[in-house]
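Chemist: Structure provided below as structure tokens; questions to follow.
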Amino acid sequence: PRALAITTTMLACTTFLATALVHQRLADAGLASRPGFSPRAPSVFAEADRRHVVSATLSAAVFPFIPKPAIAADVISIPASTSRLGGKLEAFSDVAKGYSIYRPSAWNKFDASPGEYDVKFQDVVGMTEQVIVSSSPVSSGKGLDALGSAADLGAKVSKLRDLSLVSTSEMIVGDVPLYTVELAGSGGHELLGFAVSKGKLWRITCKTAASRWPKNEEMFRTVIASFQPRIL
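All residue numbers for the sequence shown refer to our numbering, where the first residue is 604 and numbers rise by one.
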């Protein structure tokens with residue numbers, strides 16, 4: 604009985620509102636006052652309005668207590684990459700530091716340099732081509748948003764690097780929030796990834812000469828998308 608009463612009320616409201624809209628359209632057009640005129644065939648606009656009213660009325664009546672989800676349209680969520688890009692990359696884990704990443708397989712590895720990086724991988728031939736992982740402590744309880752948005756961070760980093768800001772993005776890799784910042788200029792082309800986890804700010808820096816960027820872009824983006832602050 605309650606469901607029937609609700610349905611009847613909705614239909615009555617819908618009919619009333621649709622009729623009112625049709626007559627308003629006719630009044631606006633100066634037709635309603637013509638002798639003998641009967642609105643037997645409502646216009647396309649009136650029909651569209653009627654459908655809109657029906658949809659809105661039904662939605663409000665049937666789903667009055669369901670909140671709309673808060674979705675950040677600019678934030679993408681992807682699984683951590685495990686792609687080897689046909690052998691260009693291989694898995695790497697640092698048990699002591701507690702993170703995993705896919706590294707360029709043919710590049711030289713340089714162990715930690717305190718205050719500079721945790722590990723560095725460098726192309727054997729192109730000495731300017733590097734992938735660097737570094738970390739620094741952050742205050743307890745602070746997350747990535749303490750750095751501002753990705754755009755805010757990108758603006759700051761571009762000034763420090765003396766490079767132009769090309770793009771920024773915000774994503775969730777696995778379950779880890781991550782920012783990316785792309786920079787370019789006469790000094791080269793860089794793609795950086797930032798994440799906060801385990802009380803540390805993690806930074807993955809991928810560098811190459813500007814002329815080599817088209818060749819390395821896919822690999823660099825895959826490297827950053829593979830980072831996880833845990834052992835896999």
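Even glycine gets a Cβ: it sits at the ideal position worked out from N, Cα and C.
Using 8 Å as the threshold, is the C-beta distance between I807 and G790 below it?
Modeler: On the sequence shown, residue 807 is found 204 positions in, with the first residue counted as 1. On the sequence shown, residue 790 is found 187 positions in, with the first residue counted as 1. Cβ distance not < 8 Å, so I807 and G790 don't count as in contact.
Chemist: In chain order, what residues of the same chain lie with their CB nearer than 6 Å to the CB of L750, ignoring the 5 residues before and after it?
Modeler: The count along the sequence shown starts at 1 and reaches residue 750 at position 147. Taken in chain order, the residues that qualify are L756.
Chemist: Nearest to S761 by alpha carbon, out of T825, K803, L794 and V727?
Modeler: Residue 761 sits at position 158 when you count from the first residue of the sequence shown. When each option's Cα is compared against that of S761, the closest is L794.
Chemist: Flag this pair as touching only if the segment 677-691 and the segment 825-835 have three or more C-beta atom pairs under 8 Å; answer yes or no.
Modeler: yes
Chemist: Smallest Cα separation from S767: which of I775, Y720, S829 and A754?
Modeler: For the purposes of this step, residue 767 is identified with residue 164 of the sequence shown, where counting begins at 1. Nearest C-alpha to S767: A754.
Chemist: Around the Cβ of S743, are there at least 16 other Cβ atoms within 10 angstroms (buried) or fewer (exposed)?
Modeler: Mapped onto the sequence shown, residue 743 falls at position 140. Exposed.
Chemist: Since F823 is in the alpha helix (DSSP H), which residue starts that stretch and which ends it?
Modeler: Against the sequence shown, residue 823 aligns to sequence position 220. That run of the alpha helix (DSSP H) goes W816 to S829.
Chemist: What does the alpha-carbon distance come out to for the pair I679 and Q831?
Modeler: In the sequence shown, the residue the question calls residue 679 occupies position 76. In the sequence shown, the residue the question calls residue 831 occupies position 228. Rounded to whole angstroms, I679 to Q831 spans 16 Å at the Cα level.
Chemist: Find the nearest neighbour of L763 within the set P717, G788, A683 and V741, judged by alpha-carbon distance.
Modeler: Locating residue 763 in the sequence shown gives position 160, counting from the first residue. Among P717, G788, A683 and V741, the Cα nearest to that of L763 belongs to G788.
Chemist: Which of the three DSSP states is assigned to D697 in this structure?
Modeler: One-based indexing of the sequence shown puts residue 697 at position 94. D697 falls in the strand class under three-state DSSP.
Chemist: CA-CA distance, C809 and K745?
Modeler: Translated into positions along the sequence shown, residue 809 becomes position 206. Translated into positions along the sequence shown, residue 745 becomes position 142. Their Cα atoms are separated by approximately 25 Å.
Chemist: Just to confirm before moving on: does the CB-CB distance between A715 and V727 stay below 8 Å?
Modeler: On the sequence shown, position 112 is the one that residue 715 refers to. On the sequence shown, position 124 is the one that residue 727 refers to. No, the Cβ-Cβ distance between A715 and V727 is not below 8 Å.
Chemist: Give the straight-line distance between the Cα atoms of G802 and P740, rounded to the nearest whole angstrom.
Modeler: Mapped onto the sequence shown, residue 802 falls at position 199. Mapped onto the sequence shown, residue 740 falls at position 137. Going from the Cα of G802 to the Cα of P740 covers about 6 Å.
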